[in-house]
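Q: One structure, as structure tokens, below. Some questions next.
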Amino acid sequence: MINLPSIPHSRAFVIGACLLFITFALVPTLSHSQEIEARTYSNTPIGINFLSAGVVQAKTNNYSLTSEVMSLTHIFDAGGQSGKLTLVLPYAQFSGSKIIGGRTVNASTEGLSDPLIKAAINLYGAPALTLDQFKDYQQDLIAGVSLAASVPWGKYDDNQLINVGANRWFIQPGLGVSKAVGPWRFELAGAGIFYTSNTDYMDGNSLSQNPVYSTQTHGIYYFQNTAWISVDATYFIGGQSYLNGNPISSSQENWRFGTTMSYPVNKHNSIRLSASTGAYSRTNNSYDLYGISWQYRFGGGL
Numbered sequence: 002m003i004n005l006p007s008i009p010h011s012r013a014f015v016i017g018a019c020l021l022f023i024t025f026a027l028v029p030t031l032s033h034s035q036e037i038e039a040r041t042y043s044n045t046p047i048g049i050n051f052l053s054a055g056v057v058q059a060k061t062n063n064y065s066l067t068s069e070v071m072s073l074t075h076i077f078d079a080g081g082q083s084g085k086l087t088l089v090l091p092y093a094q095f096s097g098s099k100i101i102g103g104r105t106v107n108a109s110t111e112g113l114s115d116p117l118i119k120a121a122i123n124l125y126g127a128p129a130l131t132l133d134q135f136k137d138y139q140q141d142l143i144a145g146v147s148l149a150a151s152v153p154w155g156k157y158d159d160n161q162l163i164n165v166g167a168n169r170w171f172i173q174p175g176l177g178v179s180k181a182v183g184p185w186r187f188e189l190a191g192a193g194i195f196y197t198s199n200t201d202y203m204d205g206n207s208l209s210q211n212p213v214y215s216t217q218t219h220g221i222y223y224f225q226n227t228a229w230i231s232v233d234a235t236y237f238i239g240g241q242s243y244l245n246g247n248p249i250s251s252s253q254e255n256w257r258f259g260t261t262m263s264y265p266v267n268k269h270n271s272i273r274l275s276a277s278t279g280a281y282s283r284t285n286n287s288y289d290l291y292g293i294s295w296q297y298r299f300g301g302g303l
């Protein structure tokens with residue numbers, strides 16, 4: 002829900018657009034576009050599955066978005082190289098308030114966010130190996146491609162200004178490389194995010210958005226007990242937004258930096274911590290992001 006105290010409908014409409022795209026700046030970090038994800042292009046024994054559950058929170062000065070996320074990943078043989086397929090199911094709560102034009106605007110909503118399907122297939126340097134075969138594997142250079150897509154099944158009400166579902170599809174093709182140097186892995190990846198339009202925004206209006214192009218890099222250090230820690234950075238640009246064909250936001254240009262750590266509890270369980278922050282934002286939509294998750298490995302001979 003959103004409380005607009007005695008504001009005319011035309012004024013509320015403009016405010017709604019502004020709030021909506023602040024939300025759009027946050028939501029993708031929890032499930033897709035501006036996430037900083039290390040080890041997308043890595044090798045793992047085929048047949049293994051990863052079940053994860055965690056909580057992620059993004060915060061600005063005025064708004065917070067908390068998402069409980071569950072995901073399931075399966076490692077498979079993709080023409081002799083390893084690949085992985087992931088399904089992500091997020092549930093989100095959004096709340097906040099802001100003074101606009103001398104009036105306080107309060108907003109809150111919660112529900113299922115848009116599910117996400119992701120696939121990553123290595124093309125070179127990551128042969129499909131069983132768990133026993135993988136014991137002798139030594140990484141050198143890995144190159145691969147990826148594809149992610151959101152499914153607009155999240156909670157959406159065309160009478161609400163703020164929603165946790167976007168009521169639109171997107172696809173995100175990407176490619177990347179990973180190079181091993183001793184206990185280090187250095188990754189570089191690029192991607193583009195292409196959106197369909199939301200043609201049912203506030204009684205049939207159309208919201209559209211230009212593609213967002215991003216690059217990210219990671220320096221990952223592996224400890225002897227298979228724990229690892231990464232230092233991460235991402236840059237993304239684009240994403241100008243339109244209401245009925247008229248621009249209502251400028252193009253984004255953001256730098257973000259963060260870190261991720263994964264610690265194994267035993268051969269089946271591990272804990273992951275992550276944090277990132279905005280270092281630069283052309284449109285003043287920087288946010289801080291914190292996450293914790295538990296991961297359970299099974300299958301593949303474990």
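Sequential numbering from 2 applies to the sequence shown in the working numbering.
Each residue gets a CB set at the ideal place from its N, CA and C atoms; glycine is no exception.
Counting along the chain, where does the alpha helix (DSSP H) carrying residue 135 start and finish?
A: By 1-based counting over the sequence shown, the position of residue 135 is 134. Start and end: 132-135.
Q: Using a Cβ distance threshold of 8 Å, determine whether the stretch 134-142 contacts the stretch 165-175, with at least three qualifying pairs required.
A: With the cut-off at 8 Å, the stretch 134-142 and the stretch 165-175 do not touch.
Q: Look at residue 93 and residue 114 and say whether their C-beta atoms are less than 8 Å apart.
A: Taking the sequence shown and counting its residues from 1, the one referred to as residue 93 is at position 92. Taking the sequence shown and counting its residues from 1, the one referred to as residue 114 is at position 113. Yes, they are a contact pair.
Q: Scan the stretch 155-185 and note each continuous beta strand (DSSP E) run of 3 residues or more that stays entirely inside, going in chain order.
A: For the stretch 155-185, whole beta strand (DSSP E) runs of length 3 or above, ordered along the chain, are 171-182.
Q: Among residues of its own chain, excluding the 5 on either side of residue 1, which ones have a beta-carbon nearer than 7 Å to its beta-carbon?
A: Residue coverage of the chain in this structure runs from 2 to 303, which leaves residue 1 outside it and unanswerable.
Q: Please state if the CB of residue 39 and the CB of residue 221 are separated by a distance shorter than 8 Å.
A: Taking the first residue of the sequence shown as 1, we reach residue 221 at position 220. Taking the first residue of the sequence shown as 1, we reach residue 39 at position 38. It is a contact, given that the beta carbons lie within the stated cut-off.
Q: Do you know offhand how far residue 166's Cα is from residue 156's?
A: For this step, residue 166 is matched to residue 165 along the sequence shown. For this step, residue 156 is matched to residue 155 along the sequence shown. So the two alpha carbons sit approximately 5 Å from each other.
Q: For my contact list, residue 42 and residue 143 are in at a C-beta cut-off of 8 Å; report their separation, rounded to the angstrom.
A: Start at 1 with the first residue of the sequence shown, and residue 42 comes out as number 41. Start at 1 with the first residue of the sequence shown, and residue 143 comes out as number 142. That pair is a contact at about 5 Å.
Q: In the DSSP assignment, what residue or residues form a beta bridge with residue 86?
A: Here residue 86 corresponds to residue number 85 of the sequence shown, with the count starting at 1. Residue 86 is bridged to 75, 120.
Q: To which residues of the same chain is residue 11 closer than 6 Å at the C-beta, ignoring the five residues directly before and after it?
A: Stepping through the sequence shown from its first residue, residue 11 is reached at position 10. Interpretation of residue 11 is limited by its pLDDT of 49, a score under 50 that renders its predicted location unreliable; the figure taken from the coordinates is listed afterwards. Once the five neighbours on either side are set aside, residue 11 has no close Cβ partner at all.
Q: In chain order, what residues of the same chain lie with their CB nearer than 6 Å to the CB of residue 257, ignoring the 5 residues before and after it?
A: Locating residue 257 in the sequence shown gives position 256, where the first residue counts as 1. Once the five neighbours on either side are set aside, the close Cβ partners of residue 257 are 235, 277, 279.
Q: Taking a contact to mean a Cβ-Cβ separation below 8 Å, would you say residue 211 touches residue 237 in this structure?
A: For the purposes of this step, residue 211 is identified with residue 210 of the sequence shown, where counting begins at 1. For the purposes of this step, residue 237 is identified with residue 236 of the sequence shown, where counting begins at 1. Not a contact, by the Cβ cut-off of 8 Å.
Q: Extract the residue ranges of the beta strand (DSSP E) inside the stretch 182-241, only unbroken runs of 3 or more that lie entirely within it.
A: For the stretch 182-241, whole beta strand (DSSP E) runs of length 3 or above, ordered along the chain, are 185-196, 199-202, 206-210, 213-223, 229-239.
Q: Where residue 141 and residue 164 are concerned, what is the direct C-alpha to C-alpha distance, given to the nearest angstrom?
A: On the sequence shown, position 140 is the one that residue 141 refers to. On the sequence shown, position 163 is the one that residue 164 refers to. When rounded, the distance between both Cα atoms is 44 Å.
Q: Between residue 287 and the rest of its own chain, which residues show a CB-CB distance below 6 Å, the 5 nearest in sequence each way excluded?
A: What you label residue 287 is simply residue 286 of the sequence shown in a count that begins at 1. Result list for residue 287: 279, in chain order.
Q: Can you have a look at residue 295 and say buried or exposed, based on whether 16 or more other CB atoms are within 10 angstroms of its CB?
A: Locating residue 295 in the sequence shown gives position 294, counting from the first residue. By the neighbour-count rule (16 or more Cβ atoms within 10 Å), residue 295 is not buried but exposed.
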